[in-house]
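Visitor: For the sequence shown, the positions run 308 to 1457 when the numbering used here is used. Every residue, glycine too, gets a C-beta built ideally from N, C-alpha and C.
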Amino acid sequence: MSSTKHLILILFFALIPFADLTDKPAKAVLTLDPPWAVIFTGDKITLKCAADDFWYFKWYQARKKDSLNKIRAEEYTINTAAVSHSGEYTCKGYHLSESILSDPIHITVSDERVILQTPPQPVFEGDALTLRCRDRYNSDITRVVFYKDNKELQSQADTELSVARVSKSDEGSYKCRAWRWSAYLGDSAEVRVSVRERPKAVLTLEPAWTQIFKSERVTLRCEVPGDYTDWRFTWYKDGWKVSATQDYYSSIDGDKYTISFATKGHSGEYTCKGERTGNPSYSKTSDALTLRVSDERVILQTPTQPVFEGDSLTLRCRVRYGYTATKVVFYKDNKELQSQADTELSVNPVSKSDEGSYKCRAWSSQYYHYSGDSAEVRVSVRERFSTPTLTVLPGASVWEGEAVTLQCGAQIYKQGTQLQYRYSKDNGDLIGARSREPYSIPAAELRDTGSYQCEVEAEGTGLKKRSYSVSLTVKEIPKAVLVREPAGVPISESDTVTLRCQVPGELTAWGYTWYKDGRSLPLYQNWNDRYTITSAAVNHSGEYTCQGDRTGYPLHSKRSDALTLTVLRLKLSGVALRVSPIGGVVIEGTSLSLLCSVAVGSLPIVFTWHREGSQGHIARHTAADQRSDELILLRAQESDTGSYCCQAAYGEGEEGISSQSALLTVLVPVSAPSLSLVSGNSVAPSGDTLTLRCESHRGTGPIWYSFHHRGNEGNQSSTLLYWTSLPGPGPVSHNRTILNESDSGQYWCDSFNNVSQEIKTSERINITAIVPVAGANLSSALPEGGVWKNSRVSLHCSVLRGTKPSYSWYRNGQRLHIPDHTRTYTLSEGGATLSIHSVQELHEGTYQCVAENQITERRTFNSTSNTVELRTATALTLIVSLVSVFILLPVISACLFLTVRALKNNQSLRETIEKYGVIRQKPKTLREPAASPVAENSHDIPETSHAAAEREGELVYAVVDIKKKSKVKRGQEPKNRKNLPLEYCVTYAKVNDRASEKTKGEKEECVYSLQHEAGIEGTREEGKGKREEGRGNEGAREGRTEGLIYTLPIITRIDGVREGGKGKSGREECFYSLPREVGRGREGCMYFEPRQTERGGGGEREEEVYSLPRGVGMYSLPREVERENGRVKGPGEGVYSNEESLYENFQQRT
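#1: So within the stretch 816 to 857, which uninterrupted beta strand (DSSP E) runs reach at least 3 residues, ignoring any that extend past its ends?
#2: Could you tell me which whole beta strand (DSSP E) segments of length 3 or greater appear in the stretch 651 to 700?
#3: Evaluate contact between the stretch 1143 to 1160 and the stretch 1079 to 1099, counting only Cβ atoms and requiring at least three cross-stretch pairs below 8 Å.
#4: Taking buried to mean at least 16 other C-beta atoms within 10 Å of its own C-beta, is Ala-471 buried or exposed?
#5: By DSSP, does Ser-909 sit in helix, in strand, or in coil?
#6: Given this structure, state the Cα-to-Cα distance separating Asp-537 from Lys-334, to the nearest angstrom.
#7: Would you tell me roughly how many angstroms separate the C-alpha atoms of Val-892 and His-1041, rounded to the nearest one?
#8: Which class does Ser-417 belong to by DSSP, given the choice of helix, strand or coil?
#9: Can we say the stretch 342 to 355 touches the stretch 414 to 422, given the rule of at least three CB pairs closer than 8 Å?
#10: What would DSSP say about Val-1385, mapped onto helix, strand or coil?
#11: I need the straight-line Cα distance from Val-1146 to Glu-1091, nearest angstrom please.
#12: How big is the Cα-Cα spacing for Gln-1064 and Arg-1166?
#13: Considering Cα atoms alone, identify which of Trp-547, Leu-984 and Cys-529 is closest to Phe-540.
#14: Enumerate in chain order the residues of its own chain whose CB-to-CB distance from Gly-575 is below 6 Å, with the five nearest sequence positions on each side excluded.
#15: Exposed or buried, Thr-1110, counting other C-beta atoms within 10 Å across all chains shown (16 or more means buried)?
#16: Start and end of the beta strand (DSSP E) containing Leu-644?
#17: To the nearest angstrom, report how far apart Ile-385 and Ser-495 are at their CA atoms.
#18: Measure the alpha-carbon distance for Ser-898 versus Pro-888 and round it to whole angstroms.
#19: Applying the 10 Å Cβ sphere with the 16-neighbour rule, what's the burial state of Cys-808?
#20: Pull up the CB-CB distance for Ala-508 and Ser-590, whole angstroms please, since I reckon it's below 8 Å.
#21: Please state if the CB of Val-531 and the CB of Ala-569 are separated by a distance shorter than 7 Å.
#22: Just to confirm, are Tyr-564 and Trp-547 a CB contact at a threshold of 7 Å?
#23: Only counting the same chain, and skipping five residues up and downstream in sequence, which positions put a Cβ closer than 8 Å to that of Gln-645?
#24: Which same chain residues end up closer than 7 Å to Ile-784 when comparing Cβ atoms and leaving out the 5 residues on each side of it in sequence?
#25: Taking 7 Å as the limit between beta carbons, can you name the residues of its chain near Ser-406, skipping five residues before and five after?
#26: Would you give the residue range spanned by the beta strand (DSSP E) that Ser-1086 belongs to?
#27: Let's see if you can read the secondary structure: which residues bound the beta strand (DSSP E) around Gln-608?
#28: Within 8 Å, do at least three Cβ pairs link the stretch 872 to 889 to the stretch 919 to 932?
#29: Can you grab the Cα-Cα spacing for the pair Pro-811 / Val-788, in whole Å?
#30: Apart from the five residues just before and just after Arg-857, which ones in its own chain have a Cβ nearer than 6 Å to its Cβ?
#31: Closest to His-847 by C-alpha separation, out of Lys-634, Gly-757, Tyr-383 and Asp-932, would be which residue?
#32: For Tyr-363, count the other beta carbons within 10 Å of its own beta carbon; 16 or more makes it buried, fewer makes it exposed. Which is it?
#33: Answer with buried or exposed for Cys-624, where buried requires no fewer than 16 other C-beta atoms within 10 angstroms of its C-beta.
#34: What's the gap between the Cα of Asp-978 and the Cα of Asn-1019?
#35: What number of angstroms, rounded off, separates the C-alpha of Gln-727 from the C-alpha of Arg-499?
#36: So, does the stretch 763 to 774 touch the stretch 691 to 698, judging by three or more C-beta pairs under 8 Å?
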């Protein structure tokens, strides 16, 4: 049972695709709502697809591959149209395995102000056509003008233009122009209206005989050729519509009208007409077909009338009741054609001469007798196409160069006929068979003159027809003639020359166009036949042609032959070179330009640039519009420095004229210097000489270099060590001799040139100065009789000098390892003090200390002290000590008495010392006059002060004595011994042999005295000097060039001349003198104490020298300066070797 149900279902679904196939349309019908194919952006439009019994639809736009809608509805709506919605749309209906596609509809979406709306294209002949002019903003349009092919059709108030029945002549481009009262709204874009010929129905017979016997069956079939389908047909007989139930013997089924049993009443003229739901909605009515139903004995059957040329024609003779004719005679216009046994007469192809009245006479084979004659039947032969007509456009006579079109036209009478066209000239074929396109001559030539014909052939029939001959005459266009005025005379620059153009012949009203050097663009146009150059230049040289122009045809004459115009060049002169900026000096990286100009010369000019030392040229330019050329260096480099010149010539390789040379100088800012230590170490002992090298690798000279030093003590200011200048980049070295710890710190160098006015500083080098240890001394307070047991004893080791010394202790020549004797010995003060808390006999012995400091692993300095004997005291020692005290007590008392008396007698000297600060003691010097002790166990032997002074060429002084001097001459007695004046002199002794001749040494008495420091080093060279440990300047501690800058309080008269004449005889008290003569006849320029004088001795002389309070010292600035009214006039003659920092330090101290 179940299998039966399954079988029924399978058969049901299998039969579904075949159900109602005849009722399905062949095409879907696409319509618009509203029915306008041109709309505005923002409008709403709905596309509807009509196809009966189809289940779903898909919509397509020509530019997109996929369907537009996912919902498969029969309507597709664009709610807000955009320009992108423009295009062709189609719909496709689906029903099971079937699908049908609609014809496309093109929609245009416009964003213009005014549009012309048309229905979907195309329209067919006979349809009604409505065009509507519309404003975007729906303004009330009060006036509209419609145009067709840019020709005004009519002006009206209505916005719609209607054509009741369109024809082919209505085809064209339409537009509208709209106004709202007097306000012009705009023109619409042109819209093409395409009018197609309406298809025509064709009626045929089956069988194809228009004469039949009564009771025979015949079928009439109607069809509409072309691409349109889904036709429904209407039948007409003798002009009346035939109904499907007209009689019992006929029926209508779609495109067929069947007569199953013919009667005399079925005779008549039949036509048909097609109708459909799409566009076109109907066809033309078919040609009439005449059907004759006969009850005669013999009939002559013919095909459907009319017959066209080229068709085949068959005539058949029949005998009624099925009898077979054994003999047939055919007649045309009552003339026998032929007698034959066959019942058919064939004519292939038929021609117009075959037209006429035909009949036949037949003999029957059954009775072997005459059967009868048929009725005459008219055979009408129509032309398949007309005799062609050849038309020549624009006419039979044309000018050279004019476009000519030969159009061959023939009217087709039989629908479906395809024609081929051939063109010939003078009976010679021009081109082979082709379709309807015309034969064109783009530019007629004289050889195109001749006789032309065309031939038309119906494709597949062999039927040909030839047109009548048409003559074409091509006339030669006149050629312009160009002449020069004046003729034959050389033309030079600044001359006037005229070119004249003439066109010979009978044509008039010529204008003229001038061309140069074969260019297509005209040089000049006017209605005058003359072209004048008022001031000729070389660039006017060339080949000139001219052409005549006119408004009628021919529009142009032929161009004239070329006329060569040569303008002679002027001789080049006045070549000048100018540099910007003026002077030709720039800083590297900035721009610089050189302008080369020619005073007299013709264009174009070739400028060639040269630089001294460069091979060939460095640039070459051709100036076509000016007599100058510019060479620009956007970012000048040092390598661009040199001598430049330019050369002007009329061409490469030609001899030119050169300008004078111009020197360009590219200044380079000094680069940051690099500082290196080329000799010595960054950790150096005093006495070592370090060599510092400073170098800036780039920069324009002169370059100034300076070396600087800043100590490690707090905010200590920097010190200028040395400065010099070089003519260009290069290394500068400075030798620095390490003296003491104050030489430690940072060292750097600066470089400077006048290009950028910016001082460049190197990276800094840290140097540590170490003073080698020397002068170790072991001191103690040990009693001579020995130390009591269990008492405490301390031994102290000190050094005369040395940086951070370390100490080692020895007893009896053996080193004490203190950590091993911590209960016995203790160290303090960094190991400098050795303490024994409880002296015992085991502590007795000879003690000694060794001080050392280490520069490097391989370089160590040490100094061994004196020895101290430690022994314990006994009872005998105590007794000896007491006896010694009693013996020495009277001696000590006598010494004290004498001392008190001496002090009373020397009260004057004491007051002098207290007043002037003159201290009678051996001076402390950094460079002792005596040789320094040799460092014990040292790897290096330091130089003595004497050796250092000899090496540097310095003068070293030391105090010898301070003594009293009496004013009473020898051999005389003082008048009043109680009021005897006392004078004290300080005597200096020179240590080295290079003392200045100006210094009298020991012979100069009572001239110089010191307040505190007793040692002065320095050379006395034009007042150059610095002060070693001098008061008033903490930075000037090198002391290598002190010189005789200061004098301190003196209480004696001055004998002799000081410092090359500085100072006069006489008694001066508490004075300071300058290092050199300062001019204006004044020598000495003495300033008195205790006040600090004003600058320049009261303003008479701007010397930049200051006197300082007693005990501070006086300094001169690096350069003697002259001033006028407070303005610096310029450097003076004398230069003093000191630095500005001395003056700054002086200000801080004061």
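Guide: Inspection of the coordinates gives the following:
#1: Counting only runs of 3 or more, we get 818 to 823, 831 to 833, 837 to 840 and 849 to 856.
#2: With a minimum length of 3 residues, the unbroken runs of beta strand (DSSP E) contained wholly in the stretch 651 to 700 fall at 651 to 654, 663 to 671, 676 to 680, 684 to 686 and 696 to 700.
#3: Yes, the stretch 1143 to 1160 is in contact with the stretch 1079 to 1099.
#4: Taking all protein chains shown into account, Ala-471 has fewer than 16 neighbouring C-beta atoms within 10 Å of its C-beta and is therefore exposed.
#5: Coil at Ser-909, not helix or strand.
#6: Those two C-alpha atoms are separated by around 6 Å.
#7: Straight-line spacing of the CA atoms in Val-892 and His-1041 works out to 33 Å.
#8: Three-state result, Ser-417: strand.
#9: The stretch 342 to 355 vs the stretch 414 to 422: in contact.
#10: No answer about Val-1385 holds up, because its pLDDT of 34 lies below 50 and its placement is not dependable.
#11: Straight-line spacing of the CA atoms in Val-1146 and Glu-1091 works out to 15 Å.
#12: Distance between the alpha carbons of Gln-1064 and Arg-1166 is about 45 Å.
#13: Ranking Trp-547, Leu-984 and Cys-529 by Cα distance to Phe-540 puts Cys-529 first.
#14: Counting only Cβ-Cβ distances below 6 Å, and skipping sequence neighbours, we find Lys-544 and Asp-545.
#15: Counting every other CB atom within 10 Å of its CB across the protein chains shown gives Thr-1110 a total of 16 or more, marking it as buried.
#16: Per DSSP, Leu-644 belongs to the beta strand (DSSP E) from 642 to 647.
#17: Approximately 23 Å, taken between the alpha carbons.
#18: When the Cα atoms are used, Ser-898 and Pro-888 turn out to be separated by approximately 9 Å.
#19: Counting Cβ neighbours within 10 Å, Cys-808 comes out buried, since at least 16 surround it.
#20: About 5 Å separates the two Cβ atoms, so the contact holds.
#21: For the 7 Å CB-CB criterion, Ala-569 and Val-531 do not form a contact.
#22: The Cβ-Cβ distance between Tyr-564 and Trp-547 does not fall below 7 Å.
#23: Within the same chain, Gln-645 has close Cβ partners Val-636, Phe-637 and Leu-652.
#24: Leaving aside the five residues that flank Ile-784 on each side, the residues in its chain whose CB is nearer than 7 Å to its CB run, in chain order, Trp-706, Glu-707, Gly-708, Pro-861, Ser-864 and Lys-865.
#25: Lys-399 and Gly-400, listed in sequence order.
#26: That run of the beta strand (DSSP E) goes 1084 to 1087.
#27: Per DSSP, Gln-608 belongs to the beta strand (DSSP E) from 605 to 608.
#28: Short answer: they don't touch.
#29: For Pro-811 and Val-788, the distance between alpha carbons rounds to 8 Å.
#30: So the list reads Ala-816 and Trp-817, once near-sequence residues are dropped.
#31: Across the set Lys-634, Gly-757, Tyr-383 and Asp-932, the C-alpha of Asp-932 shows the shortest separation from the C-alpha of His-847.
#32: Exposed, since its Cβ has fewer than 16 Cβ neighbours within 10 Å.
#33: In the assembly as shown, Cys-624 is a buried residue. Its beta-carbon has 16 or more other beta-carbons within 10 Å.
#34: The sequence given here places Ser at residue 978; Asp does not occur at that position. Rounded to the nearest angstrom, the two C-alpha atoms are 28 Å apart.
#35: Approximately 29 Å, taken between the alpha carbons.
#36: Below 8 Å, enough C-beta pairs join the stretch 763 to 774 and the stretch 691 to 698 to call them touching: three or more.
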